[in-house]
Structures are given as C-alpha cells and as structure tokens.
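Asker: When we follow my numbering, the leftmost residue of the sequence shown carries the number 7, and every step to the right adds one. All C-beta atoms in this analysis are idealised placements derived from N, C-alpha and C, irrespective of residue type, glycine included. My questions all concern the structure below.
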Amino acid sequence: MINTDLSDVYRAYIACLNQQDWPTLKRFVHDDVHYNGQRIGLSGYRAMLERDFAEIPDLYFAVELLISDAPYIASRLKFDCAPKGQFLGLPVNGKRVSFNENVFYEFQAGKIWQVWSVIDKAAIEAQL
7 MINTDLSDVY RAYIACLNQQ DWPTLKRFVH DDVHYNGQRI GLSGYRAMLE
57 RDFAEIPDLY FAVELLISDA PYIASRLKFD CAPKGQFLGL PVNGKRVSFN
107 ENVFYEFQAG KIWQVWSVID KAAIEAQL
C-alpha cells in the first residue's frame, strides 16, 4: 500500500469513528488488533471506542498532523470536549477540556493491526 492510499484509509477510519459507524469499523481494524501492546481484538477495540463515546458524548477526532510511511501512520489528534464524570482518573465532570493524543498505527493487510497511544493528561490536569 502506498503512503497516499494509507493516508486516505486512515482519514476514512477517522470519519467512521466520528460517525460512530461501528459496523463499518471492521473495514479498518484487524480482527487481531493490539492496543498499547495488548491484544484486544476487534470486539475489544470497538467496546473501547463505544465506551469513550458514552463517557464523552461530544467526542470528535480531529486530525491535526498526519504522517504516513507505509505500513505506519503517525497522527496527532486534537480533542475539545466535555467528558462526563471521571476521565483518565481525573474529575472532569462535564468541564470542557482540550488535549492531544499522539498515536502510531501499524497496518497489516490494509487494516490497523497495532495501535500505540499517548494522551496528554498533563494538559487536562492544567485545565481543571
């Protein structure tokens, strides 16, 4: 897969997340997906995302930076949202916060197979 194609696939994946189109998720995510070194599978990945949207009703993934070097994608995602209750162990309780996530993906057979994610928790703490 060439880099342009991989970038297009990734942007379509982000659109799928923002639309909460869970049946389509399998087009983008490998059945055996790993998240931060742990195999969670497609069902675990979907459950994680559904939980995120339940806890953050206005969640929206905005791609701020995207670098493609097949089979890898590096992305900086921007969030401006109001999580309900606790978020990352912090008492956000509906307050609007802005933060970034730096995430790396490895694709296998055209689907996301590995995800490594770091959320800027310090940025959230500074806003509380």
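Per DSSP, which one or two residues make a beta bridge with His36?
Answerer: Residue mapping note: residue 36 aligns to position 30 of the sequence shown, counting from 1. Answer is none; His36 lacks a bridge partner.
Asker: For Tyr19, collect the residues of the same chain with a Cβ closer than 6 angstroms to its Cβ; drop the 5 residues on either side in sequence, then sort them by chain order.
Answerer: Start at 1 with the first residue of the sequence shown, and residue 19 comes out as number 13. The answer, listed in chain order, is Phe34.
Asker: Ser74: buried (16+ other C-beta within 10 angstroms of its C-beta) or exposed?
Answerer: The sequence position of residue 74 within the sequence shown is 68, counting from 1. With 16 or more Cβ atoms within 10 Å of its Cβ, Ser74 is classed as buried.
Asker: So for Lys117, helix, strand or coil by DSSP?
Answerer: The residue labelled residue 117 in the question sits at position 111 within the sequence shown. Residue state, collapsed to three classes: strand.
Asker: Pick out whichever of Leu96, Leu48, Phe110 has its Cα sitting closest to the Cα of Ala132.
Answerer: Walking along the sequence shown from the start, residue 132 turns up at place 126. The residue with the shortest Cα to Cα distance from Ala132 is Leu96.
Asker: Let's see if you can read the secondary structure: which residues bound the alpha helix (DSSP H) around Ala80?
Answerer: As a working mapping, residue 80 is identified with position 74 in the sequence shown. From DSSP, Ala80 is part of no alpha helix (DSSP H) but of the beta strand (DSSP E) over 78-87.
Asker: Across the stretch 28-44 and the stretch 110-130, are there enough close Cβ pairs to call them in contact, namely three or more that are closer than 8 angstroms?
Answerer: Touching, yes, given that three or more Cβ pairs across the two stretches are closer than 8 angstroms.
Asker: Which stretch, first to last residue, makes up the alpha helix (DSSP H) that contains Asp58?
Answerer: The sequence position of residue 58 within the sequence shown is 52, counting from 1. Counting along the chain, the alpha helix (DSSP H) containing Asp58 begins and ends at 47-61.
Asker: For Asp75, report the span of its beta strand (DSSP E) as first-last.
Answerer: In the sequence shown, counting from the first residue as 1, residue 75 sits at position 69. Run containing Asp75: 68-75, per the beta strand (DSSP E) assignment.
Asker: Alpha helix (DSSP H) containing Lys127: first to last residue?
Answerer: What you label residue 127 is simply residue 121 of the sequence shown in a count that begins at 1. Lys127 -> alpha helix (DSSP H) spans 127-133.
Asker: Mapping DSSP to helix, strand and coil, what is Asn108?
Answerer: Here residue 108 refers to the residue found at position 102 when the sequence shown is read from its first residue. Asn108 falls in the strand class under three-state DSSP.
Asker: Can you give the Cα-Cα distance for Phe59 and Leu65, rounded to whole angstroms?
Answerer: Here residue 59 corresponds to residue number 53 of the sequence shown, with the count starting at 1. Here residue 65 corresponds to residue number 59 of the sequence shown, with the count starting at 1. Those two C-alpha atoms are separated by around 6 angstroms.
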